[in-house]
Amino acid sequence: MRQSLLVLVLLLVLSCQEKEQKTLEIGTYRGNIIGQENQDMPFMFEVTSSTTLKIYNADEVVEVDEITYRNDSVFIKLPFFRTVINGKFDGKNIKGQWIDADRDRYVEFYSEYGVNHRFDDKPSNKDADVSGVWEMEFNDYGNIYLAKAVLEQNGNKVTGNIRTPTGDYRFLEGVVTVDTLKISTFDGAHAFLFKAHITDSSMVGKFYSGNHSLETFVGKRNADFEMMDAYTLTFLKEGYDTFNFSFPDLEGNKVSLSDERFKNKVVLVQLMGSYCPNCLDETKFYSKFYEANKDKGLEIVALAFENAKTKEKAINGLTRMKERVGLNYEILIAQIGTNDKGKASEKLPMLNKVMSYPTTIYLDRTGKVRKIHTGFNGPATGEKYVEFQKEFNVFMESLLGE
Numbered sequence: 004m005r006q007s008l009l010v011l012v013l014l015l016v017l018s019c020q021e022k023e024q025k026t027l028e029i030g031t032y033r034g035n036i037i038g039q040e041n042q043d044m045p046f047m048f049e050v051t052s053s054t055t056l057k058i059y060n061a062d063e064v065v066e067v068d069e070i071t072y073r074n075d076s077v078f079i080k081l082p083f084f085r086t087v088i089n090g091k092f093d094g095k096n097i098k099g100q101w102i103d104a105d106r107d108r109y110v111e112f113y114s115e116y117g118v119n120h121r122f123d124d125k126p127s128n129k130d131a132d133v134s135g136v137w138e139m140e141f142n143d144y145g146n147i148y149l150a151k152a153v154l155e156q157n158g159n160k161v162t163g164n165i166r167t168p169t170g171d172y173r174f175l176e177g178v179v180t181v182d183t184l185k186i187s188t189f190d191g192a193h194a195f196l197f198k199a200h201i202t203d204s205s206m207v208g209k210f211y212s213g214n215h216s217l218e219t220f221v222g223k224r225n226a227d228f229e230m231m232d233a234y235t236l237t238f239l240k241e242g243y244d245t246f247n248f249s250f251p252d253l254e255g256n257k258v259s260l261s262d263e264r265f266k267n268k269v270v271l272v273q274l275m276g277s278y279c280p281n282c283l284d285e286t287k288f289y290s291k292f293y294e295a296n297k298d299k300g301l302e303i304v305a306l307a308f309e310n311a312k313t314k315e316k317a318i319n320g321l322t323r324m325k326e327r328v329g330l331n332y333e334i335l336i337a338q339i340g341t342n343d344k345g346k347a348s349e350k351l352p353m354l355n356k357v358m359s360y361p362t363t364i365y366l367d368r369t370g371k372v373r374k375i376h377t378g379f380n381g382p383a384t385g386e387k388y389v390e391f392q393k394e395f396n397v398f399m400e401s402l403l404g405e
């Protein structure tokens with residue numbers, strides 16, 4: 004009898020312990036990534052269940068479905084990218100780190116439950132108007148590059164995108180208060196904050212990225228400004244008239260462009276990485292196009308330049324991305340341990356340089372390189388993305404019809 008009572012008591016204790024595990028409160032939160040100069044890079048998220056949440060950046064919604072708990076700790080695994088938010092929590096607020104272990108980045112993070120605005124700044128009747136096109140010049144520790152910002156303003160709320168020669172800075176959202184602009188984004192791979200002083204026709208500011216980078220920038224209104232042609236930045240070096248590669252797939256089998264499967268096919272070779280949001284945008288687009296056109300003599304193959312520290316981690320990350328996207332074309336592992344573009348250029352000596360992930364090489368059925376596109380104008384670029392899709396579809400229809 005005593006043994007039965009003891010077993011019953013133990014079962015009740017264990018049952019209570021299981022029920023005592025706290026989970027995140029359902030509702031709206033403001034997350035904050037702490038960058039250089041102790042700047043908050045805020046973003047909004049909504050906890051929709053104990054294991055799911057949604058991150059909001061302007062029109063973008065990032066759905067997270069891997070949240071686990073241990074005592075007073077919560078572990079939030081971001082989709083697609085090998086990053087996590089780990090921290091202590093009291094049922095509502097979290098205090099911890101946003102971690103990108105592949106790049107040894109550990110960034111302070113905290114959340115605020117019930118806060119339903121990205122920035123605390125209140126609107127006034129003296130707020131500047133930043134709507135329109137801006138020609139931007141960024142200074143990355145002496146490396147100068149141009150960018151194009153397209154901003155929309157409603158009241159003091161601002162959304163938009165900044166496009167560079169190698170990609171875009173995602174879906175940006177924020178505010179203007181008097182003469183100060185603040186716009187930010189967080190998608191699991193990047194945390195960005197742009198903060199600027201505004202006049203009628205110019206801006207001067209700082210660009211914070213995680214806790215590892217701080218750039219300065221200036222901008223001026225220029226409705227006619229256009230970026231360099233993305234088809235002119237990467238090209239075959241003099242002395243080369245063909246493109247080739249030979250790298251292992253995720254199962255370790257060597258795949259080369261000279262293989263029989265690619266003969267008499269239109270081939271797109273995508274240089275990418277599983278850590279790269281612009282690459283993810285492009286991969287989703289290509290995956291749908293490939294599914295619709297693979298029976299017309301089309302092959303797409305991705306060459307992955309991974310910063311994962313081990314082959315196993317690289318394969319796991321690429322497999323995870325492939326499964327989540329529903330990717331149906333080949334991925335080859337071109338580089339592990341670094342995404343250094345100089346080293347990537349050594350792997351593909353026929354190119355003048357690897358300038359950006361992603362980059363796409365277009366080959367016709369004879370194996371001739373017809374053009375090379377550097378970067379990708381994704382959904383965050385709005386009209387530019389629509390323009391790219393139309394141009395891409397027309398060119399590919401022509402190429403497949405040859």
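Per the working numbering, the sequence shown starts with residue 4, numbered consecutively.
All C-beta atoms, glycine included, are put in the ideal place defined by N, C-alpha and C.
As the structure is a prediction and not an experimental result, all values here were calculated from the model.
Presumed contact (8 Å Cβ cut-off) between residue i and residue j, rounded CB distance
{"i": "Gly-300", "j": "Lys-268", "result": "5 Å"}
{"i": "Tyr-59", "j": "Met-44", "result": "In fact, because the Cβ distance is near 14 Å, the residues do not count as touching under 8 Å."}
{"i": "Met-139", "j": "Gly-222", "result": "4 Å"}
{"i": "Gly-276", "j": "Asn-319", "result": "Actually they are not in contact, since the Cβ atoms of Gly-276 and Asn-319 sit about 14 Å apart, beyond 8 Å."}
{"i": "Tyr-289", "j": "Leu-271", "result": "7 Å"}
{"i": "Leu-260", "j": "Asn-247", "result": "5 Å"}
{"i": "Arg-108", "j": "Gly-213", "result": "6 Å"}
{"i": "Ser-134", "j": "Gln-156", "result": "4 Å"}
{"i": "Pro-361", "j": "Cys-279", "result": "7 Å"}
{"i": "Thr-55", "j": "Ile-70", "result": "7 Å"}
{"i": "Phe-308", "j": "Leu-335", "result": "Not really, about 10 Å apart at Cβ, beyond 8 Å."}
{"i": "Gly-385", "j": "Asn-164", "result": "7 Å"}
{"i": "Asp-75", "j": "Lys-91", "result": "5 Å"}
{"i": "Arg-121", "j": "Glu-176", "result": "6 Å"}
{"i": "Leu-253", "j": "Leu-321", "result": "6 Å"}
{"i": "Val-136", "j": "Phe-210", "result": "Contact flag wrong, Cβ pair sits at about 18 Å."}
For residue i, the residue or residues it bridges with in DSSP
{"i": "Thr-71", "result": "Phe-78"}
{"i": "Ile-36", "result": "Met-44, Phe-112"}
{"i": "Pro-126", "result": "Pro-126 pairs with nothing; no bridge assigned."}
{"i": "Gly-90", "result": "Val-77, Gly-99"}
{"i": "Val-64", "result": "Tyr-59"}
{"i": "Ala-305", "result": "Gln-273, Ile-334"}
{"i": "Gln-156", "result": "Val-161"}
{"i": "Gly-300", "result": "The partner list for Gly-300 (beta bridge, DSSP) is empty, contrary to what the question assumes."}
{"i": "Tyr-243", "result": "Note: Tyr-243 sits in no beta bridge, so no partner."}
{"i": "Ala-233", "result": "Answer by DSSP bridge pairing: none, since Ala-233 is not bridged."}
{"i": "Ile-147", "result": "Asn-142"}
{"i": "Gly-30", "result": "Val-50"}
{"i": "Val-372", "result": "Leu-366"}
Boundaries (first-last residue) of the alpha helix (DSSP H) holding residue i
{"i": "Tyr-293", "result": "280 to 296"}
{"i": "Asn-396", "result": "386 to 404"}
{"i": "Leu-321", "result": "314 to 328"}
Residue i, enclosing beta strand (DSSP E) - first and last residue
{"i": "Ser-348", "result": "Counting along the chain, Ser-348 falls outside any beta strand (DSSP E), though it belongs to the alpha helix (DSSP H) covering 344 to 350."}
{"i": "Phe-379", "result": "Premise fails: Phe-379 is in no beta strand (DSSP E) and is neither H nor E."}
{"i": "Leu-271", "result": "269 to 275"}
{"i": "Lys-98", "result": "97 to 103"}
{"i": "Glu-333", "result": "333 to 338"}
{"i": "Glu-140", "result": "135 to 143"}
{"i": "Ser-259", "result": "257 to 259"}
{"i": "Ile-364", "result": "362 to 366"}
{"i": "Ser-53", "result": "Counting along the chain, Ser-53 falls outside any beta strand (DSSP E), and DSSP gives it neither H nor E."}
{"i": "Phe-250", "result": "249 to 251"}
Neighbour flag for residue i against chain E, beta carbons, 7 Å
{"i": "Ala-233", "result": "No chain E appears in this structure, which consists of one protein chain only."}
inquiry  = Report the start-end ranges of each beta strand (DSSP E) in the stretch 167 to 223 that is 3 residues or longer and not cut off at the edges.
reply    = 175 to 180, 183 to 189, 194 to 201, 205 to 212
* To do: Please determine if the stretch 184 to 192 and the stretch 67 to 85 are in contact, where contact requires at least 3 C-beta pairs separated by less than 8 Å.
  => yes
Count the CB pairs spanning the stretch 365 to 378 and the stretch 233 to 243 that are closer than 8 Å, and state whether there are at least three. yes
Decide if the stretch 323 to 336 is in contact with the stretch 288 to 305; the criterion is three or more beta carbon pairs, one per stretch, under 8 Å apart.
yes
How do the stretch 127 to 135 and the stretch 330 to 349 stand: do at least 3 beta-carbon pairs fall below 8 Å, yes or no? no
Checklist line | the stretch 200 to 217 / the stretch 175 to 182 touching (three or more Cβ pairs under 8 Å) | finding: yes
Query - Given 8 Å, three or more beta-carbon pairs between the stretch 139 to 152 and the stretch 353 to 368 - result: no
**Asked** Between the stretch 24 to 34 and the stretch 84 to 104, do at least 3 Cβ pairs fall closer than 8 Å?
**Response** yes
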